[in-house]
Amino acid sequence: MAENPTSAGAPDADATTPTKAVQPVTRGIVVMPRSDVRRMERAARRAGAPQVKPVRAAGTIAAVLALLAGVAIPAYAATQPAPETVSMQDAAEREAQSIAVDAAVETAPLSGAAYSATTPEEIEEAKAAAAAAEAAERAREQAELLAQQQREQQAQQQEQQAQTAPQQPQQQPQTYEPPVVSDGGICPLPAGTYYVSRSVGSGHEGTDMVAPAMTPIYAVKSGTVITSQEALGGWGVTVAIDHGDGTSSLYGHMTYGTRQVEVGQTVEAGQLIGYVGSTGRSTANHLHIEYRINGAIVDPMSYLPI
Numbered sequence: 061m062a063e064n065p066t067s068a069g070a071p072d073a074d075a076t077t078p079t080k081a082v083q084p085v086t087r088g089i090v091v092m093p094r095s096d097v098r099r100m101e102r103a104a105r106r107a108g109a110p111q112v113k114p115v116r117a118a119g120t121i122a123a124v125l126a127l128l129a130g131v132a133i134p135a136y137a138a139t140q141p142a143p144e145t146v147s148m149q150d151a152a153e154r155e156a157q158s159i160a161v162d163a164a165v166e167t168a169p170l171s172g173a174a175y176s177a178t179t180p181e182e183i184e185e186a187k188a189a190a191a192a193a194e195a196a197e198r199a200r201e202q203a204e205l206l207a208q209q210q211r212e213q214q215a216q217q218q219e220q221q222a223q224t225a226p227q228q229p230q231q232q233p234q235t236y237e238p239p240v241v242s243d244g245g246i247c248p249l250p251a252g253t254y255y256v257s258r259s260v261g262s263g264h265e266g267t268d269m270v271a272p273a274m275t276p277i278y279a280v281k282s283g284t285v286i287t288s289q290e291a292l293g294g295w296g297v298t299v300a301i302d303h304g305d306g307t308s309s310l311y312g313h314m315t316y317g318t319r320q321v322e323v324g325q326t327v328e329a330g331q332l333i334g335y336v337g338s339t340g341r342s343t344a345n346h347l348h349i350e351y352r353i354n355g356a357i358v359d360p361m362s363y364l365p366i
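Residue 61 is where the sequence shown starts when you use our numbering, and the numbers rise one by one after that.
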């Protein structure tokens with residue numbers, strides 16, 4: 061195969077392949093077929109066309125949506141009615157209460173005399189006075205309560221004693237010797253029926269004359285009965301007589317239900333007034349007799365024939 065010096069780079073030709081018409085080439089310019097040129101142009105246009113990126117497209121959509129929202133929302137708000145604005149003064153006027161005062165209602169005139177200033181000293185004095193009044197009231201209530209309790213106890217004692225009291229004897233159990241009589245008075249018990257266990261000289265306020273139950277008791281002198289009770293403290297069933305000469309006598313521990321005299325009754329010396337018993341604070345049947353001169357207790361054995 062021979063090299064063609066005028067056609068640099070020309071392809072080899074087979075003797076059997078028909079040859080195309082070759083355009084004359086001048087100054088080293090290669091002439092390409094038109095179809096190849098068009099293909100290359102299309103490829104160049106495709107390579108130079110701008111590429112749409114996904115991120116830029118998403119940003120563009122977001123910007124459009126934001127623009128639409130900025131226009132649509134204010135337009136919607138403009139179509140809504142404006143809320144009513146209530147001031148604090150309007151609210152107070154709505155909630156305020158009113159009162160109508162009739163002209164017939166009279167008001168008391170105010171005077172400066174109705175008011176007074178209170179000093180700390182006056183306040184303390186008022187507190188002290190109130191405390192003292194409260195203490196006095198408590199003391200009064202306690203005294204009333206104590207008195208009520210004493211009355212109830214006394215009533216209960218009388219009831220118990222009355223339940224155990226024997227019936228009043230229909231007659232004297234036996235005949236006794238007359239009591240001893242002297243210028244000063246009469247012995248309160250029949251002769252030979254008693255003995256003295258103690259008297260004022262031994263530290264006792266009276267004379268205890270031990271005798272059998274139901275022994276008759278006589279008034280030592282005439283006078284007026286000033287006491288006649290079924291229960292008188294520790295004396296039990298008691299009778300007392302004022303003799304009208306500055307002297308008085310008391311007879312205690314009698315048998316229940318045997319009193320023969322009442323308060324205000326006048327008695328004579330030697331008159332039967334009751335019977336020996338063991339009521340009150342007593343441990344045995346006996347007569348407790350007291351004799352007083354001008355209210356002072358004296359030994360009965362020094363003035364009566366005991």
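No residue lacks a Cβ here, since even glycine has one placed at the ideal position from N, Cα and C.
Spatial neighbours of residue i in its chain, beta-carbon cut-off 6 Å, leaving aside the 5 residues before and after
{"i": "Asn-354", "result": "Gly-306"}
{"i": "Lys-281", "result": "Gly-245, His-303, Ala-329"}
{"i": "Ala-192", "result": "none"}
{"i": "Ser-262", "result": "none"}
Cut-off 7 Å between Cβ atoms - residues of its own chain near residue i, not counting five sequence neighbours on either side
{"i": "Leu-249", "result": "Pro-239, Met-269, Ala-271, Thr-275, Ile-277, Leu-347"}
{"i": "Val-285", "result": "Val-299, Ile-301, Val-321, Glu-322, Val-323, Gly-324, Gln-325, Val-327"}
{"i": "Glu-237", "result": "Pro-250, Ala-251, Gly-252"}
{"i": "Ala-356", "result": "none"}
{"i": "Ala-107", "result": "none"}
{"i": "Asp-243", "result": "none"}
Backbone CA spacing between residue i and residue j [nearest angstrom]
{"i": "Val-323", "j": "Leu-205", "result": "30 Å"}
{"i": "Leu-127", "j": "Met-100", "result": "44 Å"}
{"i": "Gln-202", "j": "Glu-212", "result": "15 Å"}
{"i": "Tyr-363", "j": "Ala-190", "result": "58 Å"}
{"i": "Thr-86", "j": "Ile-121", "result": "Unreliable placement is indicated for Thr-86, whose pLDDT of 49 sits below 50; no coordinate value is reported for it."}
{"i": "Thr-179", "j": "Ala-186", "result": "11 Å"}
{"i": "Ala-215", "j": "Ala-207", "result": "12 Å"}
{"i": "Ser-342", "j": "Arg-258", "result": "14 Å"}
{"i": "Glu-181", "j": "Gln-209", "result": "42 Å"}
{"i": "Asn-345", "j": "Tyr-311", "result": "13 Å"}
{"i": "Val-124", "j": "Ser-95", "result": "45 Å"}
{"i": "Ala-195", "j": "Val-336", "result": "49 Å"}
{"i": "Ile-183", "j": "Arg-198", "result": "23 Å"}
{"i": "Val-241", "j": "Glu-265", "result": "23 Å"}
{"i": "Val-97", "j": "Ala-104", "result": "11 Å"}
{"i": "Arg-200", "j": "Ala-188", "result": "18 Å"}
{"i": "Gly-119", "j": "Pro-93", "result": "46 Å"}
{"i": "Gln-232", "j": "Gln-220", "result": "In this prediction, Gln-232 has a pLDDT of 48, which is less than 50 and means its spatial position is unreliable; nothing more can be read from the coordinates."}
Own chain residues within Cβ distance below 8 Å of residue i, not counting five before or after
{"i": "Val-256", "result": "Thr-267, Asp-268, Met-269, Val-270, Met-361, Ile-366"}
{"i": "Val-358", "result": "Val-260, Tyr-351, Arg-352"}
{"i": "Ala-273", "result": "Thr-315, Tyr-335, Val-336, Gly-337, Ser-338, Asn-345"}
{"i": "Arg-102", "result": "none"}
{"i": "Cys-247", "result": "Pro-239, Val-240, Val-241, Tyr-278, Val-280, Leu-364, Pro-365, Ile-366"}
Residue span of the beta strand (DSSP E) that contains residue i, given as start and end
{"i": "His-348", "result": "346-353"}
{"i": "His-303", "result": "That residue, His-303, is in no beta strand (DSSP E); it is neither H nor E in DSSP."}
{"i": "Thr-287", "result": "283-289"}
{"i": "Tyr-335", "result": "332-335"}
{"i": "Val-256", "result": "255-258"}
Residue i (DSSP reduced to helix, strand or coil)
{"i": "Arg-319", "result": "coil"}
{"i": "Val-85", "result": "Residue confidence for Val-85 is low, a pLDDT of 47 falling below 50, so the modelled location carries little weight; the figure read from the coordinates is stated next. Three-state DSSP puts Val-85 in coil, outside helix and strand."}
{"i": "Asp-268", "result": "strand"}
{"i": "Gly-294", "result": "helix"}
{"i": "Pro-180", "result": "helix"}
{"i": "Ile-121", "result": "helix"}
{"i": "Pro-360", "result": "helix"}
{"i": "Met-369", "result": "This structure does not reach residue 369, given that the chain is present from 61 up to 366, and the question cannot be answered."}
{"i": "Arg-442", "result": "Here the chain comprises residues numbered 61 to 366, so residue 442 is not present and cannot be evaluated."}
{"i": "Val-241", "result": "strand"}
{"i": "Val-280", "result": "coil"}
Residue j beta carbon less than 8 Å from that of residue i
{"i": "Thr-318", "j": "Gly-334", "result": "yes"}
{"i": "Ser-288", "j": "His-313", "result": "no"}
{"i": "Gln-218", "j": "Ala-291", "result": "yes"}
{"i": "Ala-279", "j": "Gln-331", "result": "yes"}
{"i": "Ile-37", "j": "Ser-308", "result": "Residue 37 is absent from the structure shown; the chain starts at 61 and stops at 366."}
{"i": "Gly-296", "j": "Gly-340", "result": "yes"}
Residue i CB to nearest heavy atom of the ligand SAH below 7 Å
{"i": "Tyr-311", "result": "The ligand SAH is not part of this structure, which contains no ligands at all."}
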